[in-house]
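Number of protein chains: 2
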Amino acid sequence: MDRRVARTRATLQRALIALMLRKGYDAVTVEEICTEADIGRSTFYAHFTSKEDLKRSGLEDQLRGMVQGHPAASGSERDFGFVLPFLEHARDHVDLYRALVGKGGANTTLAMLTRIVSDMVREELAKSPPIAKGPARDMATAFIAGGFVSLVTRWLDDGARLPPERLDVVFRGLVVDGLAHLAEA
Amino acid sequence: MDRRVARTRATLQRALIALMLRKGYDAVTVEEICTEADIGRSTFYAHFTSKEDLKRSGLEDQLRGMVQGHPAASGSERDFGFVLPFLEHARDHVDLYRALVGKGGANTTLAMLTRIVSDMVREELAKSPPIAKGPARDMATAFIAGGFVSLVTRWLDDGARLPPERLDVVFRGLVVDGLAHLAEA
DNA sequence: CAGAAACTGAACACTGTGTCCGGAAACTGA
DNA sequence: TCAGTTTCCGGACACAGTGTTCAGTTTCTG
């Protein structure tokens with residue numbers, strides 16, 4: 107690939123990330139990106155069809171880099187081996203990830219819902235029986251709230267066919283006992 | 107409150123939801139909302155400052171209705187009593203919820219990330235030891251993926267201070283053994 | 001070095017936003 | 001019912017941002 111092309115694309119991606127960190131995705135304009143990158147606006151549209159397209163491409167490039175750097179461990183045991191590489195990649199590219207999931211996603215409905223659910227979960231976790239305090243509890247709160255919202259989203263996208271009681275019992279099982287709960291007879 | 111005000115606000119909220127279901131939040135314009143609601147555009151701005159404001163108000167009104175309809179069960183035992191009322195409310199207002207978390211959120215970065223992580227989780231769950239198939243497994247996939255993304259988001263927002271190894275072990279504990287894993291000594 | 005490809009910058013039409021105002025309509029309380 | 005208040009209408013306006021086009025320049029590749 108032409109060096110100019112690679113350079114231009116990378117410069118634009120970096121400019122977008124910098125601006126997202128500064129003021130959030132929604133508030134960023136194509137003109138600003140071009141100014142920040144010191145690249146003509148017509149050049150922008152020669153590479154990307156829109157701001158959204160640029161973001162998507164940046165995300166894809168980075169994720170591709172991640173899976174290449176850490177080839178998926180594919181044993182036959184279930185050990186969630188993708189997690190640590192994923193987290194290390196995130197730590198090594200904090201700016202990128204914070205731009206993606208930070209301010210950028212903070213105003214979405216999904217994020218709003220998750221915040222509300224987090225409050226409910228936090229209350230639950232404060233009840234007896236006692237549970238580890240501090241970071242561990244905060245992490246559990248975030249995990250459970252996000253999982254719940256994701257579960258509901260999936261359910262709705264499927265047409266909300268299963269009865270709420272079914273989701274309720276599966277959710278509680280997963281939260282309280284984890285996957286053990288779902289082991290096959 | 108003036109009947110006209112209540113009627114106008116409710117009409118606009120319903121119009122937005124209808125349009126969101128049809129073409130997704132981002133693609134909806136204020137003009138379209140007004141046309142759909144058969145209400146003047148200047149009237150729109152007399153009630154809401156923006157499309158975002160309208161969405162937020164609709165969400166808040168509905169959630170307020172939910173918690174009023176089902177007062178939070180506040181026993182001292184941890185039973186996640188909020189879940190069933192929440193799900194029933196969602197089922198009774200499927201259109202609203204699908205508009206909020208369906209197409210509307212599908213294009214967000216958070217949703218994209220969750221989809222990618224879902225694929226990784228699905229692979230893990232396919233490994234031995236065997237696990238319940240069908241809906242239960244799909245639900246577990248959605249739950250775990252959403253929880254992971256939420257956990258990572260929280261971690262990054264806090265400055266990514268904790269080491270990845272710590273998150274890895276907490277995450278795996280929650281997934282495999284659930285909250286039992288975090289019981290205080 | 002020649003040909004191809006990419007970059008520039010400025011112009012253009014267009015869509016959508018948010019604000020303002022005078023006049024019509026609808027609601028409220030007496 | 002009626003007077004006073006509030007809301008609604010609709011059209012106009014300035015403005016910001018989008019996406020496209022194109023002739024001219026620069027930069028890369030073979």
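Each protein sequence line maps, in turn, to chains Y and H. For the first sequence, my numbering puts the final residue at 291, and the numbers step up evenly by one. For the second sequence, my numbering puts the final residue at 291, and the numbers step up evenly by one. Glycine included, C-beta positions come from ideal geometry on N, C-alpha and C. Computed from a predicted model, the values in this text were never measured in an experiment.
Margin query: Counting only Cβ pairs nearer than 8 Å, list the residues of chain H close to Y/Lys161.
Written below: As a working mapping, residue 161 of chain Y is identified with position 55 in the first sequence. Those within 8 Å of Y/Lys161 in chain H are Thr215.
Next item on the list: Output yes or no for whether 9 Å exceeds the beta carbon distance between Y/Gly284 and H/Val281.
Entry: The residue you call residue 284 of chain Y lines up with position 178 of the first sequence. The residue you call residue 281 of chain H lines up with position 175 of the second sequence. A contact, by the Cβ cut-off of 9 Å.
Next item on the list: Check whether the stretch 140-154 of chain H touches the stretch 111-130 of chain H, counting contact only when three or more Cβ pairs, one atom from each stretch, lie closer than 8 Å.
Entry: yes
Next item on the list: Please check if any C-beta of chain Y sits within less than 9 Å of the C-beta of H/Arg184.
Entry: For the purposes of this step, residue 184 of chain H is taken as the residue at position 78 of the second sequence. Output row for H/Arg184: interface = yes.
Next item on the list: Please compile the residues from chain H whose C-beta is within a distance smaller than 8 Å of the C-beta of Y/Ala242.
Entry: As a working mapping, residue 242 of chain Y is identified with position 136 in the first sequence. Ordered by position in chain H, the residues that pass the 8 Å Cβ test against Y/Ala242 are Val276 and Leu288.
Next item on the list: Starting from H/Asp263, find everything on chain Y with Cβ-Cβ shorter than 7 Å and list it in chain order.
Entry: The count along the second sequence starts at 1 and reaches residue 263 of chain H at position 157. By Cβ distance, chain Y contributes Gly208.
Next item on the list: Counting only runs of 4+ residues fully inside the stretch 156-226 of chain H, write out the alpha helix (DSSP H) ranges in chain order.
Entry: If we require 4 residues or more, the alpha helix (DSSP H) runs fully inside the stretch 156-226 of chain H come out as 157-175, 189-198, 200-207 and 209-212.
Checklist line | Host alpha helix (DSSP H) of Y/Asp274 (start-end) | finding: Reading the first sequence from its first residue, position 168 is the one you call residue 274 of chain Y. Y/Asp274 -> alpha helix (DSSP H) spans Pro270 to Asp283.
Margin query: One question on the structure: do H/Leu257 and Y/Leu206 come within less than 9 Å of each other, judged by their Cβ atoms?
Written below: The count along the second sequence starts at 1 and reaches residue 257 of chain H at position 151. The count along the first sequence starts at 1 and reaches residue 206 of chain Y at position 100. For the pair H/Leu257 and Y/Leu206, the CB atoms are not nearer than the 9 Å cut-off.
Check: Name the chain Y residues that come within less than 7 Å of H/Thr155, Cβ to Cβ?
Finding: Position 49 of the second sequence holds residue 155 of chain H. Residues of chain Y passing the Cβ test: none, with the nearest at roughly 14 Å.
Notebook entry, point to check: When you compare only the Cα positions, how much space is there between Y/Ile237 and Y/Asp244?
Noted result: The residue given as residue 237 of chain Y occupies position 131 in the first sequence. The residue given as residue 244 of chain Y occupies position 138 in the first sequence. In a straight line, the C-alpha of Y/Ile237 is about 11 Å away from that of Y/Asp244.
Notebook entry, point to check: Regarding H/Leu268 and the ligand PLP, is the C-beta to nearest heavy atom distance less than 8 Å?
Noted result: This structure lacks the ligand PLP; in fact it carries no ligand of any kind.
Notebook entry, point to check: Since H/Arg197 meets chain Y, which of its residues come closer than 7 Å, beta carbon to beta carbon?
Noted result: The sequence position of residue 197 of chain H within the second sequence is 91, counting from 1. Against H/Arg197, the close residues of chain Y are Ala266 and Pro270, in the order they occur along the chain (beta-carbon pairs closer than 7 Å).
Next item on the list: Verify whether the separation of the beta carbon atoms of Y/Trp261 and H/Leu193 is less than 9 Å.
Entry: Here the question's residue 261 of chain Y lines up with position 155 in the first sequence. Here the question's residue 193 of chain H lines up with position 87 in the second sequence. Closer than 9 Å, so yes.
Check: Measuring CA to CA, which of Y/Arg109, Y/Lys157 and Y/Met107 is closest to Y/Ile123?
Finding: By one-based count along the first sequence, residue 123 of chain Y stands at place 17. Here the closest residue by C-alpha is Y/Lys157.
Next item on the list: List the residues that DSSP assigns as beta-bridge partners of H/Ile145.
Entry: Walking along the second sequence from the start, residue 145 of chain H turns up at place 39. H/Ile145 is not bridged to any residue.
Margin query: Just list the residues that DSSP pairs Y/Ser234 with in beta bridges.
Written below: Your numbering for residue 234 of chain Y matches position 128 in the first sequence. H/Glu183, per the DSSP bridge assignment.
Next item on the list: Tell me whether H/Arg110 is buried or exposed, calling it buried when 16 or more other Cβ atoms sit within 10 Å of its Cβ.
Entry: As a position in the second sequence, residue 110 of chain H is number 4, starting the count at 1. Answer is exposed; the Cβ neighbour count stays below 16.
Next item on the list: Report the three-state DSSP secondary structure of H/Leu262 (helix, strand or coil).
Entry: Translated into positions along the second sequence, residue 262 of chain H becomes position 156. In the three-state reduction of the DSSP assignment, H/Leu262 falls in the helix class.
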